Amino acid sequence: MRIATWNVNSITARLPRLLAWLESSGTDVLCVQETKCTEEQFPSDELRELGYESAVHADGRWNGVALVSRVGLDDVVRGLPGGPEYAGAQEPRAVSATCGPVRLWSVYVPNGREITHDHYAYKLKWLGALKDAVAADAAGSRPFAVLGDFNIAPTDDDVWDRAVFEGSTHVTEPERAALAALRETGLSDVVPRPLKYAHPFTYWDYRQLGFPKNRGMRIDLVYGNGAFAGAVKDGYVDREERKGKGASDHAPVVVDLEL
DNA sequence: ATGGCATGCGTGGCATGA
Numbered sequence: 001m002r003i004a005t006w007n008v009n010s011i012t013a014r015l016p017r018l019l020a021w022l023e024s025s026g027t028d029v030l031c032v033q034e035t036k037c038t039e040e041q042f043p044s045d046e047l048r049e050l051g052y053e054s055a056v057h058a059d060g061r062w063n064g065v066a067l068v069s070r071v072g073l074d075d076v077v078r079g080l081p082g083g084p085e086y087a088g089a090q091e092p093r094a095v096s097a098t099c100g101p102v103r104l105w106s107v108y109v110p111n112g113r114e115i116t117h118d119h120y121a122y123k124l125k126w127l128g129a130l131k132d133a134v135a136a137d138a139a140g141s142r143p144f145a146v147l148g149d150f151n152i153a154p155t156d157d158d159v160w161d162r163a164v165f166e167g168s169t170h171v172t173e174p175e176r177a178a179l180a181a182l183r184e185t186g187l188s189d190v191v192p193r194p195l196k197y198a199h200p201f202t203y204w205d206y207r208q209l210g211f212p213k214n215r216g217m218r219i220d221l222v223y224g225n226g227a228f229a230g231a232v233k234d235g236y237v238d239r240e241e242r243k244g245k246g247a248s249d250h251a252p253v254v255v256d257l258e259l
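In this text, residue positions in the first sequence follow my numbering: the first is 1, and each later residue adds one.
Spelled out as structure tokens, the structure:
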């Protein structure tokens, strides 16, 4: 079973690449982030023609998540139960479902913007609510994983130059502590292998030749419980998909399981 | 010293991203 997570940075802008990649990679379940569309605009018909069902949680030009599966899509939950509001509203940043033998979440953790910004406090609250929402499944015996764009580099090695991020979000101790608390529910970081260079970065800024210079970050993560992590046979970052015109600034993270 | 790129919305220049 091949499961992947990919921040597509607009599913409508990425649709030709997305459809081609699903076919060429043979992915069974894809966790999508930053759909940047309404639920009506989501390309459910095009995906259905390829044999995939979709569960979408989206409301317009920002955020938006989905689960796309060809191995079943049941018991869909849209949103983060108990999640905090930002600017008076719940944002579409989480969707979960059961896909065959495995329960999965697709999450788009708030960016945080700046350490002094309200968005940063919101990010930490959001992660706390995520921990509470997944704790029972994380501790369970059914294969379970939270996949997505966590907007946190778990260690200093997960950014191309730690010094550049001094004073910035994505690398702070409270963010990493929130990730550690999430792991303590029973989840472990399923680290993919890179296809090139030493470290499995998953995001490279569009600017300043970030990708050619491999100035990347590992912020797209797969957090699986024991039954999930124990079934993992391989995992990699498909950096080929970051190449060329019309690429997302994130590459897909692919995990193969024997379930 | 600054911005540099891409997206949506909507046709000009913001807001957002990390």
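Cβ coordinates follow ideal geometry from the N, Cα and C atoms, glycine included.
What you are looking at is a predicted structure, and each value in this text was computed from that prediction instead of being measured.
Is the separation between the beta-carbon of Ala138 and that of Gly82 shorter than 8 Å? no
Would Ser188 and Gly216 qualify as a contact pair, given that the criterion is a beta-carbon distance under 8 Å? For the pair Ser188 and Gly216, the CB atoms are not nearer than the 8 Å cut-off.
Less than 7 Å between C-beta atoms, sequence neighbours within five positions excluded: which residues of the same chain meet that for Tyr120? Gly112, Arg113, Glu114 and Thr169
Quick check: Val134 and Val190, are their CB atoms within less than 8 Å of each other? no
Measure the alpha-carbon distance for Ala66 versus Leu30 and round it to whole angstroms. Taking C-alpha positions only, Ala66 is separated from Leu30 by approximately 8 Å.
Taking the C-alpha atoms as reference points, what is the distance between Ala178 and Trp126? 10 Å
Do you know offhand how far Val109's Cα is from Glu23's? 28 Å
For the putative contact between Arg2 and Gly26, defined by C-beta atoms under 8 Å, what is the C-beta separation to the nearest angstrom? The distance from the Cβ of Arg2 to that of Gly26 is about 6 Å, consistent with a contact at the 8 Å cut-off.
Is the beta carbon of Val32 closer than 8 Å to that of Val76? Not a contact, by the Cβ cut-off of 8 Å.
What runs of the beta strand (DSSP E), each 3 residues or longer, lie entirely inside the region 8-40? 29-33
Tell me, to the nearest whole angstrom, how far the beta carbon of Val102 is from that of Pro143; I am working on the premise that it is less than 8 Å. 4 Å
Classify Arg218: buried if its beta carbon has 16 or more other beta carbons within 10 angstroms, exposed otherwise. Its Cβ being crowded by 16 or more others within 10 Å, Arg218 is buried.
What residue range is occupied by the uninterrupted beta strand (DSSP E) comprising Asp132? Asp132 -> not in any beta strand (DSSP E); alpha helix (DSSP H) instead, spanning Asp118 to Ala138.
Rank Thr155, Arg183 and Leu259 by C-alpha distance to the C-alpha of Thr269 and give the top, closest one. Limits of the chain in this structure are 1 at one end and 259 at the other, which puts residue 269 out of reach.
Could you give the C-beta distance for Thr5 and Gln41, rounded to a whole number, given that I count them as a contact under 8 Å? Cβ-Cβ separation between Thr5 and Gln41: approximately 21 Å, too far for a contact (criterion under 8 Å).
From the DSSP output, in three-state form, read off Val109 for me. Correct three-state label for Val109: coil.
With DSSP collapsed to three states, give me the class of Asp205. Residue state for Asp205 is assigned as coil, using DSSP reduced to three classes.
Rounded to whole angstroms, what is the Cα-Cα separation between Arg262 and Asp45? Missing from the structure shown is residue 262; the chain here goes from 1 to 259 and no further.
Nearest candidate by alpha-carbon position, reference Ala198, set Leu80, Trp204, Asn214 and Ala153: Asn214
With respect to the alpha helix (DSSP H) encompassing Arg48, which residues constitute its N-terminal and C-terminal limits? Ser44 to Glu49
Boundaries of the beta strand (DSSP E) in which Arg176 is found, first to last residue: From DSSP, Arg176 is part of no beta strand (DSSP E) but of the alpha helix (DSSP H) over Glu173 to Arg183.
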